[in-house]
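Structure first, commentary second.
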Amino acid sequence: VADRTHRPLLNAAAPHAVLGDLMRVRHPVYAEADIIVDCGEDSVEHSADHVIGALKRGQQPLRVPVRLERGSYDVIIGSDVIRRAGALLAPVLPQKRVMILTDETVSPLHLPRLLEGLEETGTRAEVITIPPGEGSKTIGMYERVTNALLEAHVERGTTVVALGGGVVGDLAGFCAATTLRGLPFVQIPTTLLSQVDSSVGGKTGINTPFGKNLLGAFHQPIAVLADTSTLATLPVRELRAGYAEIVKSGLLGDAGLFDWCERNGAEVLSGDPAVQAEAIRMACAFKARVVIADEREERRTDGRALLNLGHTFGHALEAEMGYDGSLLHGEAVSIGLRLAFMLSVRLGYCPIEDLDRVTRHLERLSMPARIGDTGRSLSATQLVRNMQRDKKMRDGRLSFVLVRGIGRAFTCRDVPDEAVLEILRADGCTP
4 VADRTHRPLL NAAAPHAVLG DLMRVRHPVY AEADIIVDCG EDSVEHSADH
54 VIGALKRGQQ PLRVPVRLER GSYDVIIGSD VIRRAGALLA PVLPQKRVMI
104 LTDETVSPLH LPRLLEGLEE TGTRAEVITI PPGEGSKTIG MYERVTNALL
154 EAHVERGTTV VALGGGVVGD LAGFCAATTL RGLPFVQIPT TLLSQVDSSV
204 GGKTGINTPF GKNLLGAFHQ PIAVLADTST LATLPVRELR AGYAEIVKSG
254 LLGDAGLFDW CERNGAEVLS GDPAVQAEAI RMACAFKARV VIADEREERR
304 TDGRALLNLG HTFGHALEAE MGYDGSLLHG EAVSIGLRLA FMLSVRLGYC
354 PIEDLDRVTR HLERLSMPAR IGDTGRSLSA TQLVRNMQRD KKMRDGRLSF
404 VLVRGIGRAF TCRDVPDEAV LEILRADGCT P
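In my numbering, the protein residues as written are 4 to 434.
Next up, the structure:
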């Protein structure tokens, strides 16, 4: 364009300098496009073919809307959405500044792509890094992170971004909920478990010596980016832990989803990206429906509390194992699902054939299914004591989610302690 005079913007100064200035101003806006097609020196006809081809290939990620009275957001699912974070988040960020919370394991794997994607759209990012694992969901770590946010002079439009698994998401969400009485919050879950469970629904919290997630708040994200390419870095144990929550969704309220799991579960665990994306979509869509109907778990029966199928048993197991990583949350839930079906059969609510079907599915995929799979000898009496510390206690009575069959869960508050002890002993616990 050096010798051309028909472009007014290039006539005022050296074209190279003008174009450089224009690109610095315009590139962050261009980067927000949903689809970017590089047409190079192609003709108009070939360029149009490239655009049509990109649209036909479905380059846009899947979206699951979560529409709530207090605010709405999308769960965006697809390969490499972390790299496109700047474009995907631009429409919802109150200001182009974010504080990223991540851990020492996730940081080298995925943080560079996130920073690159945010920089493309001119979004300024600062990073707080914590140690990995449940040991970081403590009051001490909460204080450290909130102090870091305040030292960075965050404003009420500064968004906290959680990049990591459920621990990072729960901690970041609680810090966002309480700093300056509430900061915007984005979930970028990097494990299958967090993509299908903790990142959707707005539950945040930290652990205490008295139990799991006993300090927390409801604080909905403004967006969730579920990047399926992060799953390629996970060991199969982590995939199984996440898969347990997908199975749970089918067992509690969507028999068709459980049927799908029986047909496709092996492909989810073997790493098929398309099957994994569909599993995440279905699980998130199911959870969204439940959360929309009962956002803050206020219904006494058959509301959001149903999402705790298997969790009363699972949380008791986690507490007994000491949150030391020897039993992952999803592994505890996997065992808890079978125990919930056992208890439902014992109380006459559920046919034994459904228990057998659940057990076969878990065992076929090498999922933890029995208390013995923890590798520890556990006391039935102590596990019941752990359950009695559960935050879902009401009027001193344990609340269980039981089933009348696959896809037919309900809450029950009159389960005899002896029935629970009997189930635990039958599954291998000592008295």
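The beta carbon of each residue, even a glycine, is placed where N, CA and C say it ideally should be.
Sequence ranges, alpha helix (DSSP H) only - wholly within the region 232-311, length at least 4: 239-256, 258-273, 276-296
Same chain, Cβ closer than 8 Å to Val406, neighbours up to 5 away in sequence not counted: Leu254, Leu255, Leu312, Ala343, Phe344, Ser347, Tyr352, Cys353, Asp357, Ala412, Phe413
Neighbourhood of Pro134 by C-beta, 7 Å cutoff - its chain only, sequence neighbours within 5 removed: Asp106, Glu107
Touching by the beta-carbon criterion (3+ pairs, under 8 Å), the region 157-164 and the region 243-252: no
Proximity of Gly81 and Leu65 at Cβ, strictly below 8 Å: yes
8 Å contact criterion, which Thr389 and Ala319 should meet: CB distance rounded: First, the residue type needs correcting, since residue 389 is Asn and not Thr in the sequence shown. Confirmed, Cβ separation roughly 4 Å.
Coil, strand or helix - Ser82 by DSSP: coil
Bridge partner(s) assigned by DSSP for Pro192: Gly167
Exposed unless 16 or more other CB atoms sit within 10 angstroms - verdict on Gln279: buried
Supposed contact pair Leu195 and Val84 - C-beta distance, whole angstroms, cut 8 Å: Going by Cβ atoms, the distance from Val84 to Leu195 rounds to 15 Å, so no, they are not a contact pair.
Opening and closing residue of the alpha helix (DSSP H) in which Asp393 lies: That residue, Asp393, is in no alpha helix (DSSP H); it is neither H nor E in DSSP.
Separation of Asp77 from Glu298, as counted between CA atoms: 15 Å
Pick from Met324, Ala282, Gly204, Thr384 that is closest to Leu260, judged by C-alpha positions: Ala282
Per-residue burial, Pro434 [other beta carbons within 10 Å of its own, 16 or more giving buried]: exposed
One or two residues paired with Arg127 in a DSSP bridge: Arg100
Beta bridge counterpart(s) of Arg66 as assigned by DSSP: Ile79
Reference Leu340; option with closest CA among Asp359, Ala322, Gly325, Met324: Asp359
Nearest candidate by alpha-carbon position, reference Ala422, set Gly375, Arg349, Asp376, Ile374: Arg349
Whole-Å CB distance - Gly431 paired with Arg363, under 8 Å assumed: That pair is no contact at about 19 Å.
Exposure label - Met26; buried when at least 16 CB within 10 Å: exposed
Inter-residue Cα distance where the pair is Gly56 and Gly168: 35 Å
Spatial distance of Val387 from Glu137 (CA atoms): 22 Å
Reference Gly208; option with closest CA among Arg147, Leu92, Ala5, Ala175: Ala175
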